[in-house]
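Asks: When you line the sequence shown up against the working numbering, it's residues 51 to 213, in that order.
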Amino acid sequence: MSSIVAIVGRPNVGKSTFFNRLIQRREAIVDSVSGVTRDRNYGKSEWNGKEFSVIDTGGYIKGSDDVFEGEIRRQVELAIDEADAIVFVVDVTEGITPMDEEVAKLLRKVTKPIFLAVNKVDSGSREKDAFEFYNLGLGEYFTMAGMSGSGTGDLLDALVLAL
Ligand code: GDP
Ligand code: MG
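(1) Relative to the C-alpha of PHE160, which candidate in ALA180, VAL171, VAL142 and ILE130 has its C-alpha closest?
(2) Are there any heavy atoms of ligand 1 lying less than 7 Å away from the beta-carbon of VAL160, as far as the coordinates show?
(3) Can you tell me which of the three DSSP states GLY203 falls into?
(4) Locate the beta strand (DSSP E) running through ILE136, then write down its first and last residues.
(5) Should ARG60 be labelled buried (16 or more other beta-carbon atoms within 10 Å of its own) or exposed?
(6) Which value, in whole angstroms, describes the spacing of the CA atoms of GLU121 and ASN98?
(7) Looking at the structure shown, is VAL168 part of a helix, part of a strand, or coil, going by DSSP?
(8) Am I right that ASP141 and VAL55 are in contact with their C-beta atoms under 8 Å? What's the rounded C-beta distance?
(9) Helix, strand or coil for VAL55, going by three-state DSSP, please let me know.
(10) Report the partner residues of TYR92 according to the DSSP bridge assignment.
(11) Can you look up LYS178 in the DSSP assignment and give me helix, strand or coil?
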């Protein structure tokens with residue numbers, strides 16, 4: 051069985067944009083199967099010759115952080131259980147939010163590989179804005195722009211080495 055990579059983070063940071071860039075084919079989600087929730091998208095990906103499954107979480111979570119805090123927490127806990135590695139996406143244009151702190155707190159306890167992806171680094175001038183994400187206590191981060199694909203290669207190189 052191929053490894054599972056889960057993409058987590060609060061709404062609007064760019065999880066689905068990154069997911070759509072990664073996947074080559076989407077697996078059917080069978081609603082009647084218990085435990086398969088419709089707010090999770092599954093896909094297959096491959097990088098450097100290594101195949102893996104990807105889960106995009108929080109598909110139907112829209113709106114402000116506080117309203118959906120419980121739901122995001124549930125998604126992160128599911129991902130921690132199910133995945134072999136986790137990509138935690140944050141948004142450089144917003145900086146660290148209280149919800150990011152909450153997710154980081156859950157992830158700091160996990161022994162599985164965690165990759166912190168600072169997204170929406172669309173230009174070199176935003177690189178320096180990413181420094182603050184060291185404060186999440188998760189160590190090194192990768193900067194990327196899921197929309198253009200810039201920086202995603204370095205993240206994927208490291209990710210597949212950990213699978
Ligand atoms: P999700 O809620 O975390 O799945 O986020 P989405 O993938 O739906 O993206 C939320 C918004 O951020 C959309 O308007 C995207 O076009 C935008 N977005 C995603 N990636 C980037 C990026 O690299 N740069 C910029 N500037 N915007 C992005
Ligand atoms: Mg999404």
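Every residue gets a Cβ at the ideal spot worked out from N, C-alpha and C, and that includes glycine.
Replies: The relevant details are as follows:
(1) The residue you call residue 160 lines up with position 110 of the sequence shown. First, the amino acid is wrong: residue 160 is Val here, not Phe. Ranking the options by Cα distance to VAL160, first place goes to ILE130.
(2) Your numbering for residue 160 matches position 110 in the sequence shown. Checking every heavy atom of ligand 1 against the Cβ of VAL160, none is found closer than 7 Å.
(3) Taking the sequence shown and counting its residues from 1, the one referred to as residue 203 is at position 153. GLY203: helix per DSSP, three-state reduction.
(4) Stepping through the sequence shown from its first residue, residue 136 is reached at position 86. 135-141 is the extent of the beta strand (DSSP E) around ILE136.
(5) The residue labelled residue 60 in the question sits at position 10 within the sequence shown. Classification for ARG60: buried.
(6) By one-based count along the sequence shown, residue 121 stands at place 71. By one-based count along the sequence shown, residue 98 stands at place 48. So the alpha carbons of these two residues sit roughly 34 Å apart.
(7) Taking the sequence shown and counting its residues from 1, one reaches residue 168 at position 118. Strand.
(8) Residue mapping note: residue 141 aligns to position 91 of the sequence shown, counting from 1. Residue mapping note: residue 55 aligns to position 5 of the sequence shown, counting from 1. Contact flag wrong, Cβ pair sits at about 20 Å.
(9) On the sequence shown, position 5 is the one that residue 55 refers to. It is a strand residue.
(10) Along the sequence shown, read from residue 1 onward, the residue named residue 92 stands at position 42. Answer by DSSP bridge pairing, in chain order: ILE105.
(11) By 1-based counting over the sequence shown, the position of residue 178 is 128. The answer is helix: DSSP assigns LYS178 an H, G or I state.
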